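What follows is a single structure, written as structure tokens, with notes after it.
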Amino acid sequence: MQNDMRKYYLWALVTGFEDMPAGTLIADRYLSQGGRIFVDTQPEQLPQTPGNDITAEEISCYLKLFSERLHIPQVYGWIPAAKSPLKKDIWLLEGCPIEPKSGELRPLLSQVWEETSAMRQLSWLWQIATLWYPLSCQGVASSLLDFDLLRVEGPLVRLLELRYQAKAAGLSQLGSVWQSLIPTADRRIQKFLEQLTQQLIAGEIRKSMRLASQLDQALVICGRSLERQVDIVTVTDAGPTRSHNEDACYRSAYNDGIDENSMALAIVCDGIGGQEGGEVASGLAIEIVREQMEKIPLHPANWDPLSLTNRLKRAISIANDAISDRNDTEERQGRQRMGTTIVMALAHVHEIYLTHIGDSRAYWITPEGCYQVTLDDDVASREVRLGYTIYREALQQVSSGALIQALGITHSLNLHPTIQRFPVDSDCIFVLCSDGLSDRDRVEQYWESEILPVLQGQTTLPSVRDRLLKIANTQNGHDNVTIALLHFQVSPKTIQDLPEISVPTAISLNDDTIADSSSDLSGSDDSAMQTELIVVDKNKSRSIWLLSLGILILLGIGGALAWTFLGGDQTTEPDEPPTSTPLTTRPADPSLPTPTVPYGAGVPLGSVIQLSSARTIQNNIPQVLLYCTKTLWKGN
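Shown next as structure tokens:
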């Protein structure tokens with residue numbers, strides 16, 4: 066019973082339980098833990114729902130934000146008014162920020178902010194920035210303004226619930242809320258946060274993508290004060306019931322103590338199409354993706370999340386088309402076409418990039434919990450994201466596990482890989498696996514007893530790998546099994562080992578552009594190197610900026626005129642570009658997978674404006690002209 070209670074703590078989406086004593090049983094099933102926290106005493110039974118009428122406004126936002134479930138709880142079940150002591154319907158949420166052993170709510174972000182490192186403080190704010198747009202689309206961005214809802218579980222920001230506000234929340238309000246955090250922020254980032262919140266309040270940062278990008282700049286600088294070691298182990302096995310193995314895996318050659326200048330890469334593929342089909346597809350995917358990854362310059366000086374994300378997408382596309390072309394050459398049709406799932410982890414500088422297609426999974430293991438990072442590309446997940454049903458009901462459909470996309474089935478134009486990235490500032494483990502292990506929630510069931518001891522120094526990574534393989538073969542046993550474990554060990558650099566920190570960018574107080582500058586910062590206090598973002602001295606660099614901007618204007622005007630006269634696309638870019646983990650857009654055809662964009666994708670370092678198209682240049686000409694006029698006026 067204890068295991069069930071720890072797994073099924075629920076949060077009631079209604080007030081009125083404040084005076085209810087703990088131990089009260091509601092609807093013959095849900096046991097009160099005091100307040101709005103309940104335990105499902107019958108977790109083996111499907112929770113009650115109102116049938117097809119699940120489009121209630123208070124829960125539709127949870128369904129459509131299913132892709133954000135790493136940060137947002139999801140709908141579990143429903144208690145009808147007839148069974149409710151409050152005489153009104155009650156919705157219950159699962160995956161809430163509740164401590165599994167004590168049953169108490171996780172701490173508020175504001176409660177633990179002061180005692181947290183600069184790196185983690187920036188990481189929490191960055192997560193909020195990347196959540197802003199998807200929550201805005203559902204009218205619930207105001208949830209991010211309420212410190213009573215913002216809870217933290219180690220490195221993760223998690224929302225207790227979502228709150229709808231008729232008037233859309235703005236980034237200026239976010240800046241006002243964040244100002245209260247400045248006095249207790251790490252002193253190395255206080256000046257940066259002061260500048261950032263001033264820009265938000267003044268309306269100089271109008272897009273959450275730009276906000277996330279500026280936080281990215283601070284994260285990469287703070288990340289240089291930490292040393293990371295990544296150990297990787299892998300295994301693939303046919304399993305007890307299969308005659309051959311359609312899975313494949315890869316780990317980078319440096320498996321012991323990979324440093325930040327080496328490629329820490331792990332790949333897991335689960336082939337589809339039977340012998341001489343799935344095996345070929347998974348093997349081909351591993352070979353091509355590995356070759357493409359080896360071409361990517363991964364030195365810390367080359368850190369550019371948008372560029373790396375695009376390179377990851379390209380590697381996946383090349384592998385996909387190679388498998389698809391082979392299918393066409395061999396005249397494979399329908400179910401005879403071979404394909405493969407893929408989940409890949411790449412450690413680079415201060416963060417990890419996770420690339421995913423299909424139902425092979427990635428889990429993030431921290432001392433605080435086990436988190437499924439990837440979302441299966443299957444029918445059940447699609448039904449929830451489209452707002453049709455809750456996940457537990459979707460899983461009951463006959464075709465719930467059918468994949469909606471995999472490598473090699475169709476051309477890469479129809480492929481939408483999910484790419485996510487996360488800052489890593491403390492010891493943790495990422496588990497990549499095929500469904501031979503993840504089926505029946507085996508990772509969630511055994512993470513604490515089998516994987517967590519690695520973080521506690523009580524066992525070794527190879528021992529955990531072997532133990533997980535045995536669990537998969539004995540307690541699932543129906544499929545091939547492939548596992549990759551990445552163990553991150555993070556420690557502060559000593560003053561002797563810490564090189565001088567060069568600040569590649571600086572934040573301007575007068576607009577929302579990111580200025581490219583370079584300034585060496587070095588120094589120390591009693592315990593650590595101080596890192597600080599600085600403001601560009603515009604008086605010293607005005608002539609350089611004016612020359613650069615003048616050239617941009619000429620190029621922009623020329624490009625815009627050419628675009629106009631050649632009959633280019635006349636549509637305008639959206640006010641708010643998507644930046645989420647992963648943000649989905651509803652497809653025109655429900656049978657197709659939803660396209661995704663990288664988690665927290667930012668603009669390239671040193672960019673003044675995004676020059677992604679001639680139309681973009683044309684749209685930005687007034688902004689550039691205004692900036693030049695303001696700069697000249699100040700110079701006079």
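So the sequence shown is numbered by our numbering: it starts at 66 and just counts up by one. Heads up, the beta-carbon is just placed ideally off N, CA and C, and yes, glycines get one too. Values in this document were obtained by computation on a predicted structure and should not be read as measured data.
Closest in C-alpha terms to Gly342, from the list Asp154, Gly399, Gly501, comes Gly399. Within the segment 449-513, the complete alpha helix (DSSP H) runs of at least 4 residues fall at 456-459, 500-503, 507-511.
For Arg223, DSSP records a beta bridge to Arg216.
Boundaries of the alpha helix (DSSP H) around Phe257: 255-266. With respect to the C-alpha of Asn375, the residue from Arg216, Thr249, Arg505, Ile361 having the closest C-alpha is Ile361. Ranking Val463, Leu221, Ser464 by CA distance to the CA of Met184 puts Leu221 first. Gly434: member of the beta strand (DSSP E) spanning 434-437, first to last residue. If you compare the alpha carbons of Val242, Ile516, Glu259 with that of Tyr436, the shortest gap goes to Ile516.
Sequence-distant partners of Ile297 (beyond 5 residues in either direction) whose C-beta falls short of 6 Å from its own C-beta, in its chain, are Arg316, Asn320, Ala331, Leu551. With contacts defined by Cβ atoms closer than 9 Å, Ile351 and Ala313 form a contacting pair. Between Leu210 and Gln238, the beta carbon gap of about 6 Å places them in contact (Cβ cut-off 8 Å). Proximity of the segment 457-464 to the segment 503-510 falls short of the contact definition, fewer than three beta-carbon pairs being nearer than 8 Å.
The C-beta of Asp442 has 16 or more other C-beta atoms within 10 Å across all chains shown, which makes the residue buried. Look at Val205 here: in three-state DSSP terms it is coil, with no helix or strand label. By DSSP's assignment, Ile286 forms no beta bridge with any residue. Counting C-beta pairs with one atom in each stretch, the segment 144-156 and the segment 78-92 have three or more that are closer than 8 Å, which means they touch. Val79 sits away from Arg94, with the two beta carbons spaced by 9 Å or more. Taking all protein chains in view, the Cβ of Thr301 is crowded by 16 or more other Cβ atoms within 10 Å, so the residue is classified as buried.
Ranked by Cα distance from Gly116, the options Asn541, Tyr453, Gln139, Leu533 are led by Tyr453. Contact check for Ala537 and Val529: beta-carbon distance about 12 Å, past the 8 Å limit, so the pair fails to qualify.
DSSP places Thr301 within a strand segment (E or B) once states are collapsed to three. One Cα belongs to Arg216, the other to Gln192, and the distance between them is close to 12 Å.
In the three-state DSSP reduction, Tyr74 falls in the strand class (E or B). Boundaries of the alpha helix (DSSP H) around Tyr127: 122-129.
For Gln294, the pairing in a beta bridge is given by DSSP as Gln554. Three or more Cβ pairs closer than 8 Å define a contact, and the segment 194-212 falls short of that threshold against the segment 421-434. Here Gly343 carries a helix assignment [DSSP, helix/strand/coil].
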